[in-house]
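To keep things clear, I will list the structure first and then write my remarks on it.
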Amino acid sequence: MQPLTGFRDFLPASCAERNYIFANWREVAGRYGFVEFDGPVLEELDLYKKKSGDEIVRQLYEFVEMVLDSAGISLRAPATGTFARAFPA
């Protein structure tokens with residue numbers, strides 16, 4: 000069975016290589032004053048609708064949250080929600 004298009008598995012050897020690159024990348028970036036941040040992988044769909052309108056729904060992976068009153072949620076676009084909260088307009 001193949002992973003989904005655009006996704007890949009990181010088995011031990013390739014995971015070790017990736018971790019080595021990331022560790023060096025973080026170390027060099029830290030020397031120049033960059034700081035790391037991260038955010039959740041899922042975001043409320045309304046966040047994207049407010050910014051881009053209802054048509055954005057067709058461009059995202061949408062899920063229905065069965066626990067929270069069927070609120071729409073989506074896989075985040077790369078760090079969009081995190082940036083919006085970290086740097087509000």
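For reference, each letter of the sequence shown is one residue, going 0 to 88 in numbering that gives the first Met the number 0.
Built from N, CA and C at the ideal position, the CB exists for glycine as well.
In this text, all values refer to a predicted model and were calculated from it rather than measured experimentally.
query                                                                                                                                            : result
For my contact list, Tyr60 and Leu74 are in at a C-beta cut-off of 8 Å; report their separation, rounded to the angstrom.                        : 4 Å
Tell me the DSSP secondary structure of Gly38 in three-state form.                                                                               : coil
What number of angstroms, rounded off, separates the C-alpha of Phe33 from the C-alpha of Glu16?                                                 : 22 Å
Which residue marks the beginning of the beta strand (DSSP E) containing Leu74, and which one marks its end?                                     : Gly71 to Leu74
Given a threshold of 16 other Cβ atoms within 10 Å of its Cβ, counted over all protein chains shown, does Glu42 qualify as buried or as exposed? : buried
Between Asp8 and Pro2, what straight-line distance do the alpha-carbon atoms span, to the nearest angstrom?                                      : 7 Å
What distance in whole Å lies between the Cβ atoms of Val27 and Leu44, which are believed to be in contact at a cut-off of 8 Å?                  : Not quite, the Cβ-Cβ distance comes to about 37 Å (not below 8 Å), so this is no contact.
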